[in-house]
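Below is one structure; the comments refer to it alone.
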Amino acid sequence: MRPISPLMTKDLIAQHNLTDDEYKKIVEILGREPNITELGMFSVMWSEHCSYKSSRVHLKKLPTTGPRVVQGPGENAGAVDIGDGLCAVFKMESHNHPSFIEPYQGAATGVGGILRDIFTMGARPIALLDALRFGGLDHAKNRHLVKGVVSGIAGYGNCMGVPTVGGEIVFNDIYSQNPLVNVFCLGIAHKDKIFLGTAAGVGNPVIYFGSKTGRDGIHGATMASDSFDDQSEQKRPTVQVGDPFTEKLLLEACLELMAGDLLVGIQDMGAAGLTSSSCEMASRAGNGIDLDLTDVPRREPGMTPYELMLSESQERMLMVAQAGKEEECIRICKKWDLDVAVVGRVTGDGILRVKDQGQVVAEIPAKSLADDGPRYERPYSPPGYQDMLTNLNYDALPDVKDASAALLSLLESPTIASKRWVYEQYDHMVRTNTMVRPGSDAAVVRIKGTNKALAMTVDCNSRYCLLHPYEGARLAVAEAARNLVCSGAEPIGLTDCLNFGNPERPEVMWQFVLAIEGMKDACEYFKIPIVSGNVSFYNETNGLSIYPTPMLGMVGLIESADKTMTQWFKQNGDVILLLGKTKEDLGGSEYLKVHHHREQGSPPLLSVEAEKMLHDFMLKVIHDGSVQSAHDCSDGGLSIALAECCISAPDTRRGAVIKLGLDTLRLDALLFGESQSRVILSVKPGMVDRVLNSAWDSGIPATKIGAVGGDRFVIDVEEGQWSEGCHIDLPVDQLYDRWAFSIERTLNGT
Amino acid sequence: MKAKIYVTLKQGILDPQGKAIEHALDSLGFKNAGNVRVGKYMEVDLEEKDKVKAEAEVKQMCEKLLANTIVEEYRYELTA
Amino acid sequence: MKAKIYVTLKQGILDPQGKAIEHALDSLGFKNAGNVRVGKYMEVDLEEKDKVKAEAEVKQMCEKLLANTIVEEYRYELTA
Amino acid sequence: MLKIGVVIFPGSNCDHDCQHIFKNVLGQYVEMIWHKETLLAGLDAIVLPGGFSYGDYLRTGAIARFSPVMGAVKGFAKKGGLVLGICNGFQILLEAGLLPGAMLRNKSLHFICKDVSMKVENAATSFTSAYESGQVLKIPIAHADGNYYTDPVTLASMQANAQIVLRYCTPEGKVTPDANPNGSLDNIAGIINAEGNVLGMMPHPERCAEAVLGNDDGKQIFLSMLESLKGNKKQLKMIPA
Ligand SMILES: Nc1ncnc2c1ncn2[C@@H]1O[C@H](COP(=O)(O)OP(=O)(O)O)[C@@H](O)[C@H]1O
Ligand SMILES: [Mg+2]
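Protein chains in written order, with this note's numbering: chain A, 468 to 1217; chain B, 466 to 545; chain C, 466 to 545; chain D, 2 to 242.
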């Protein structure tokens, strides 16, 4: 007998965020009305978060295959072959909403979640990167969020002993009510020892291990279940608290379990906890699972089946072991001081059957729950204001008057300023692999036991995506790849975290669809497969959506670790070269925002052909040892990139003397425009001709623009056809001071 | 006046510190100690002499800064 | 019995956390709050019913584990 | 080959890094020691690695010091065996009473991870003999509780006995308040016991002991240990970094 259930009222169904049609489908699947536990299980599994109901039809378009791909989307994380019998396993996840409610715990549990996604695959996590978006630092609330999120990431990642080697932060008031916290994690696994979330083998035991289950994160739906809880009304914590110490034990226990021949499948309990892990594992294997809740370790007495199935308590895992290996699994979990219990068996009938105290409390076909959720092809169309955004009359904007002042204020604008204050709170060196620490175009970690290294970067210019979602997405792919090649790495795989507003709005859906198209086209052209990803919709408050932010995490391989490259100038006397062409690309630039308070215009145009040629050339000249440094031009344009080459080295700062011609450009476009496919190189004097000739041979515009040396930053721009030139001459120490301490000063109010 | 402020995690919220300490006490042989909860204790000197006003002030301090009311609850005592 | 345990830094030892809170209170406009000290507050349930024995037990817990007496001092209360 | 023991506490996370240095960089035999072990046989030295033992809950090192293995570590130290505690390992040595003093939160209240400069104040120990006295090193720190404290009497006696082995300084070698990253008393970065066989240090020498990571200033800590264990000081001192 099922326990008495309330009548399925309209209210109850609505509280569970299910539409009438969705509810009808549930009744059809079950052949009867669901009980409250079943309703809760459907509601979480068919939520946008778990079922990708608005995005799935579009995500299918992304290129996910390639010669290196070992595991594409669909599992806990993607995996790419890096040779030597090893795989890079990586993924990115968002924890936006929880981080707004409680920044420390929200960000911390975000880190915990993505780490579990990686180590459930059998990979030891070796690097984290964090991609963050906040509103402007002039608001106290935003400063509070920044401090909380950064210390939450530090608190969890540092304790786990996984270095946070890089990331990205952008400040824009559009994120004030909807900050973004996206975390990327990469681990290394043996290619033939990748573990999947599958419940194969009828009769195999299903084992719960990790932390106890509490009433964490049971959201609005909780109210509905209260009426069945004969305990007195309690405040239910919807905020989950992370316990990185237990997660560290969980990590080590998992890797020890996986080293033996014990497991059939394993999956972490993320969103929708016990429900999602059990039905997804069963569904992947075409099997069912009989779960008995009686032995599920609990933190509190009196928990209902509804609560147990929906709890999002952290640091928990579900494994399917080989029959007969239970004892060994339990021994290992106990060695690591973890709670552990056999909670079920794999069955052949395809049903997820949940029992509690001898009674069946839920009985649902696992596949229906996991895979037969609704799919929507939501309508999409551009917003009415799109033309207003892109049409910008540049003639109405005066050209820059005081180039030195403009340079300094851009350098200290928080989006461009050094992120030192952030990454010094992250342990970015533990595991002793970090060859390039935060502060260069990409982070680089060596792979012990091989000659190889991996480079990683997270990128997305969401203003470009606002102005032109398709171009913006292509530009994000190009920039990520450029950051990798400037570090000497060949791009081999991509993960994404697609942060958008409410998909039920046609203009948001339009942004989403176009961004997917852009990613697809760029990835296909560059032959970079997307092996995992995540979608975060409903980033809107009071009808105001965030800018479309398809965050990308890209991974590159450096076959020979000694070919790793960094962005800063190395030696006085080296010659500075500029690769690529500078055009009139002020649209969507950071300069327009900081100096003209406009986020308008068309983003720079990308020629994928030119970009790809640049990548090939970069890899060639870095690998043959002709260059001393390489840095791509991105936010803030040429002059900011040059300044970064001078001031971003870990211990020494170097001056530079640069000479540029204007030709037909505006001065602000030359100095601060964000034309794509440009890189600044420094080379030894004896190498200049060789590199220049080789560039021209490869069809890449290349010019000698100056030399490294002295303690001043000098840019001379000769007068052009339309504009006057300028003379910038500033002490490098001054540039450094403005750039390096800006965020810290703002946060401390000094 | 002096305010003594106690900030503790709300009921039902995971308390990893408490759990670890409980475990440690147990392995130290304090077998009959259980249910350890860890919180913060703060003392603040106030210039305010009026008890009612002081109380209002402390309450505000707790709400605004000293406690994270999403996961924590607080109580306080005022002494002269 | 229930033990309530307070662990604070010894007088004379600089308390950077207290200083930071004082600073934050000040910038929030609580101008007449000062001398902030921050410590730990712990609750432990004891099976022991005898007050004298319970007290001895709590004292031991503090000395051995809960406080580092080089830099911290502790006090406790026992309630039924 | 020497046999070096690296202890794993629940929450240790620099155990593999220490193993890597002794085994792969310096070619020694490394035994990984589970914190529940109580018998340590045939070891030449013991390393307590960095990390967050027991999550650093309550206080750093406070719970780890009661691990069963710590009894054996104490016995080993009492007999004159070399014990090196790095970061969390140092914190555990303090809590266990193998070194004097205690750790407080960093003055900034933040976790700090960055390269810092420090000066070898005593190059006559088993852990620093491969350095020159007064040599300035660049070694990264990564901790939230490295603000060392002890009472004035203990400090004076440590100073008198040259037990303060490493002090934070400017890159030029000046010991100033500005060069102190965490507020530690007397700019202390590392101390040794009076007998000279137990060293605790907050900086992570294992993170800068290979040229491929761009810095190997920390390598001589380990070389000094090997040198002293082999009782063959002069010869090893010649090995280029
Ligand atoms: N949130 C963060 N966490 C860690 N490192 C960061 C973070 N934000 C930026 N960084 C680091 O600062 C450097 C500069 O970042 P960014 O300007 O975004 O680089 P790019 O424009 O080349 O993508 C990079 O090395 C990056 O990894
Ligand atoms: Mg870059």
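We put the beta carbon where it would ideally sit given N, CA and C, even for glycine.
Shortest gap from the CB of Y893/A to any heavy atom of ligand 1: under 7 Å. When DSSP reads this structure, D548/A sits in a beta bridge with C554/A. Judged by DSSP secondary structure, Q734/A falls within the beta strand (DSSP E) whose first and last residues are L730 to D735. Scanning its chain for C-beta atoms nearer than 7 Å, with the 5 sequence neighbours on each side dropped, one finds around N950/A the residues D908, A909, T924, D926 and D1099, in chain order. Looking at G1020/A, S1149/A, I1089/A and V547/A, the one whose alpha-carbon comes closest to that of L1044/A is S1149/A. The DSSP assignment places complete beta strand (DSSP E) segments of no fewer than 3 residues inside the stretch 640-668 of chain A at 647-657, in order along the chain. Distances from the alpha-carbon of A468/B to those of E513/B, G499/B and K475/B put E513/B closest. The stretch 626-635 of chain A makes no contact with the stretch 544-552 of chain A, as fewer than three CB pairs between them are under 8 Å. DSSP lists no bridge partner for Q160/D.
L543/C sits away from E508/C, with the two beta carbons spaced by 8 Å or more. Contact between E782/A and T713/A is confirmed by a C-beta separation of about 5 Å, below the 8 Å threshold.
One finds nothing in chain C with a Cβ atom closer than 9 Å to the Cβ of K75/D; even the nearest lies about 15 Å away. Under the DSSP assignment, Q482/B falls in the alpha helix (DSSP H) whose first and last residues are P481 to S492.
At least one heavy atom of ligand 1 sits closer than 7 Å to the Cβ of L599/A. Residue pairing from DSSP places S999/A in a beta bridge opposite T962/A. Under the DSSP definition of a beta bridge, W35/D partners with I9/D.
When the five nearest sequence neighbours on each side are left out, the beta carbons in the same chain lying within less than 7 Å of the beta carbon of T171/D are those of S118, T177 and A180, in order along the chain. DSSP places F638/A inside the beta strand (DSSP E), whose first and last residues are T631 to F638. Scanning its chain for C-beta atoms nearer than 7 Å, with the 5 sequence neighbours on each side dropped, one finds around R887/A the residues A1207, in chain order. Partner residues in the beta bridge of V911/A, as assigned by DSSP, are V903/A and A922/A. Taking 7 Å as the cut-off, the C-beta of T962/A does not count as close to any heavy atom of ligand 1. By the neighbour-count definition (other C-beta atoms within 10 Å, threshold 16), S929/A is a buried residue. Look at T814/A: its beta carbon is at least 7 Å from all of the heavy atoms in ligand 1. Under the criterion of beta carbons closer than 8 Å, L965/A and S1003/A qualify as touching, at roughly 7 Å.
For N188/D, no alpha helix (DSSP H) encloses it, and the DSSP letter there is neither H nor E. Minimum Cα-Cα distance from D869/A among the listed residues L653/A, H657/A and L1134/A corresponds to L1134/A. Counting only the Cα atoms, E1141/A lies some 16 Å from V1075/A. Shortest Cα-Cα distance from E779/A to any of D816/A, P711/A and I685/A involves I685/A.
Taking CB atoms only, Y506/C has a neighbour in chain B less than 8 Å away.
Considering only beta carbons, the part of the stretch 107-125 of chain D lying closer than 9 Å to chain A consists of H111, F112, I113, C114, K115 and D116, in chain order. Secondary structure at K467/C: strand, using DSSP grouped into helix, strand and coil. Straight through space, the alpha carbons of P1168/A and L874/A are spaced by roughly 25 Å. Annotation: the continuous alpha helix (DSSP H) that includes L716/A extends over P711 to A726. When the beta-carbon positions are compared, L3/D and L230/D come within less than 8 Å of each other. When secondary structure is reduced to three states using DSSP, M559/A falls in the strand class.
The beta carbon of D1183/A sits closer than 6 Å to the beta carbons of K1126 and H1194 from its chain, once the five residues preceding and following it are set aside; these are given in chain order.
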